[in-house]
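K.L.:
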Amino acid sequence: MNSPNGFFQKLVNLEGRNFSLNIQKFENGYFISISEGSNKIGSMVASMATGPTPVTTTIIPSRTESLFLKLVAERISTRMRGIALVSAFIQKELEPNTAKDLMSEIMEMIENE
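Heads up, the sequence shown is in the working numbering, so the first residue is 8 and it goes up one at a time.
1) Specify the secondary structure class of MET116 as computed by DSSP and reduced to three states.
2) For ALA56, does the three-state DSSP call read helix, strand or coil?
3) Buried or exposed, going by whether 16 or more other CB atoms sit within 10 Å of the CB of THR64?
4) Tell me, to the nearest whole angstrom, how far the beta carbon of GLU43 is from that of ILE97; I am working on the premise that it is less than 8 Å.
5) Looking at C-alpha atoms only, which residue of THR57, ILE66 and ASN29 is the closest neighbour of ARG86?
6) Give me the Cβ distance between LEU92 and PHE38, rounded to the nearest whole Å; I'm assuming they're in contact under 8 Å.
7) For VAL62, is the classification buried or exposed, using 16 other Cβ atoms within 10 angstroms of its Cβ as the cut-off for buried?
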């Protein structure tokens, strides 16, 4: 999973659904792409945490997963005190356990890089 250019990729199967997790690390942040099925850019959120609370904005609105995107972006930006751009192409609404497991997989990838 480690990469000299800061790019990490993982395929995850959760509750019969296949997700591709792609993470690009930069000096001042991360770009995270979560795709269900084929790799596509989806809804997008940016979060920046340089002070006590992160500042988050929606770049491409989501029909169903806006809270999940916001939580992922804010958690990552706060953890590294930088910028997190998170894109998610998800075909149908996430069950709470699936969202929790995806969050765990992403955080594990970041912490183990």
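Cβ atoms here follow ideal geometry from the backbone N, Cα and C, with glycine treated the same way.
Note that the structure is a prediction, hence the values are computed from the model and not measured.
P.N.:
The short version:
1) In the structure shown, MET116 sits in a helix (DSSP, three-state: H, G or I).
2) coil
3) exposed
4) 5 Å
5) THR57
6) 5 Å
7) exposed
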